Each structure stands twice: as C-alpha cells, then as structure tokens.
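*Asks:* My questions will all concern the structure given below.
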Amino acid sequence: MLDKQNDTTKQKHYGSYGYTHSHNNNKKKNEAELRGIKPLEIKNEATKMLTLGTLWKQYHAEISKIMTSELLGLGLIDKADVQNENPDWPAYKKYFMRGTSHHMGLDTHDYGLLHEPMKANMVFTVEPGIYIPSEKFGIRLEDNVVVQEKGEPFNLMRNIPVEVDEIETLMNA
Numbered sequence: 003m004l005d006k007q008n009d010t011t012k013q014k015h016y017g018s019y020g021y022t023h024s025h026n027n028n029k030k031k032n033e034a035e036l037r038g039i040k041p042l043e044i045k046n047e048a049t050k051m052l053t054l055g056t057l058w059k060q061y062h063a064e065i066s067k068i069m070t071s072e073l074l075g076l077g078l079i080d081k082a083d084v085q086n087e088n089p090d091w092p093a094y095k096k097y098f099m100r101g102t103s104h105h106m107g108l109d110t111h112d113y114g115l116l117h118e119p120m121k122a123n124m125v126f127t128v129e130p131g132i133y134i135p136s137e138k139f140g141i142r143l144e145d146n147v148v149v150q151e152k153g154e155p156f157n158l159m160r161n162i163p164v165e166v167d168e169i170e171t172l173m174n175a
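This note's numbering numbers the first residue of the sequence shown as 3 and each following residue consecutively.
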C-alpha cells in the first residue's frame with residue numbers, strides 16, 4: 003500500500019486518470035481498505051453500460067442501484083435509509099454526490115443532449131466516486147470512453163495503470 007506514515011494531508015494523483023485522497027495518521031489503514039470499497043469494479047460496470055442506444059436516464063438509474071447496493075454492503079447506509087429516502091435526494095447521495103459520467107468534447111465538461119440515445123463516437127467520462135466527508139476521505143477512478151457501433155465502449159485510457167499493484171510497481175521503479 004502507499005506509505006502514508008505520519009501524513010495528515012497526503013494526496014496522490016496519478017496523472018489525469020483518477021485519484022485517491024485520504025487523511026491518515028500513524029500508518030492507520032485507510033478507510034477503503036477497512037471497508038472494502040471497490041471503485042474499479044463500479045467503474046467497470048458503469049463503463050459497460052455506455053452503449054449505443056442507452057438513454058442517460060436509464061444509465062443514471064442503473065448506476066444509482068449499483069452504488070446503493072455497494073453503500074449498503076459497506077454499511078455506510080442501511081435499508082431504513084433507502085426505504086425512507088427523499089426521491090429528490092436519495093440515500094446514496096450522502097456518499098455519491100457527484101455524477102458518474104459526462105459528455106466530453108472540445109470543452110472537457112461538454113454537456114450533450116441528455117434526452118437523446120447514446121450514439122456511436124460519443125465520448126464520455128466514467129468517474130464514479132465514493133466520498134466520506136466526515137472522515138475526509140474519497141476515492142474516484144476515471145476513464146474516458148468512446149461509444150462504439152457494436153459492443154462495449156472503447157476505453158481511451160486502457161493502457162494507463164489503475165490496479166494498486168501496477169501503480170505501486172511504477173512508483174517503486
């Protein structure tokens with residue numbers, strides 16, 4: 003794992019790909035390790051959904067279900083939170099307050115027509131994140147992908163290391 007010995011403000015950036023951010027003291031394991039947060043799996047599931055004909059509303063609804071399930075599994079929210087949630091501010095929003103994706107174009111944060119189905123050659127970010135404000139901790143991984151005529155999107159960042167072992171190997175080289 004990354005050495006966070008006696009560091010209360012260390013922040014690691016890995017290019018424009020994504021980041022982890024946490025405040026830790028005395029080699030304490032970070033919250034992601036303790037809780038088993040799986041941002042890579044969430045990102046991979048979200049990526050698979052960016053296909054020809056997908057509607058933005060459907061995509062967001064599916065990601066919301068995945069994130070709710072993940073947060074339930076982590077014990078960050080419970081069934082009562084979900085049952086009693088405000089439809090305008092669902093329970094998952096406490097820890098997943100950002101969006102998962104946005105259009106990309108000439109301006110990094112381009113805003114496309116969200117009511118139209120996804121088309122071939124549209125480019126999107128995929129960047130789900132879980133943030134625990136009370137613990138000053140968050141984790142987000144990001145890819146940029148191109149919707150294909152058939153099959154899964156083409157990942158423009160596929161050759162950038164994202165697995166912990168890959169990153170640590172590069173850092174220690």
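Ideal Cβ placement from N, Cα and C applies to all residues, glycine included.
Small disclaimer: the values here were computed from a predicted structure and weren't measured.
Which same chain residues, not among the five before or five after Met-124, have their C-beta less than 6 Å away from its C-beta?
*Replies:* So the qualifying residues of the chain are Val-149.
*Asks:* Among Ser-103, Leu-172 and Glu-170, which residue has its Cα nearest to the Cα of His-62?
*Replies:* Ser-103
*Asks:* Between Leu-115 and Arg-142, what straight-line distance do the alpha-carbon atoms span, to the nearest angstrom?
*Replies:* Roughly 25 Å between the two C-alpha positions.
*Asks:* Just the C-alpha distance for Glu-165 and Tyr-97, rounded to the nearest angstrom, thanks.
*Replies:* 23 Å
*Asks:* What does a CB cutoff of less than 7 Å around Glu-33 pick up in its chain, not counting 5 residues either side in sequence?
*Replies:* Because Glu-33 carries a pLDDT of 46, less than 50, the predicted location of this residue cannot be relied on, and no value is offered for it.
*Asks:* Figure out for me which residue from Val-128, Gly-77, Gln-85 and Leu-108 has the closest Cα to the Cα of Pro-41.
*Replies:* Taking only the C-alpha atoms, the option nearest Pro-41 is Val-128.
*Asks:* Kindly give me the distance between the Cβ atoms of Leu-54 and Lys-95, rounded to whole angstroms, as I take these residues to be in contact under 8 Å.
*Replies:* Contact flag wrong, Cβ pair sits at about 29 Å.
*Asks:* Please report how far the alpha carbon of Pro-155 lies from the alpha carbon of Phe-126, in whole angstroms.
*Replies:* 9 Å
*Asks:* With DSSP run on the structure shown, which of helix, strand or coil describes Met-124?
*Replies:* coil
*Asks:* Beta strand (DSSP E) containing Asn-86: first to last residue?
*Replies:* No beta strand (DSSP E) holds Asn-86; DSSP gives it neither H nor E.
*Asks:* Does DSSP classify His-62 as helix, strand or coil?
*Replies:* helix
*Asks:* Is the beta carbon of Asp-145 less than 9 Å from the beta carbon of Lys-45?
*Replies:* yes
*Asks:* What's the C-alpha gap between Gly-75 and Val-84?
*Replies:* 13 Å
*Asks:* Count the other CB atoms, across all protein chains shown, that sit within 10 Å of the CB of Met-69; report buried if there are 16 or more and exposed otherwise.
*Replies:* buried
*Asks:* Return the Cβ separation of Ile-65 and Ala-82 in integer angstroms, given the expectation that the two are a contact with Cβ distance under 8 Å.
*Replies:* Wrong, their Cβ atoms sit about 22 Å apart, outside the cutoff.
*Asks:* What are the boundary residues of the beta strand (DSSP E) that includes Asn-146?
*Replies:* For Asn-146, the enclosing beta strand (DSSP E) has its first and last residue at 145 to 148.
*Asks:* If you draw a straight line from the alpha carbon of Gly-101 to that of Asp-167, how long is it in whole angstroms?
*Replies:* For Gly-101 and Asp-167, the distance between alpha carbons rounds to 27 Å.
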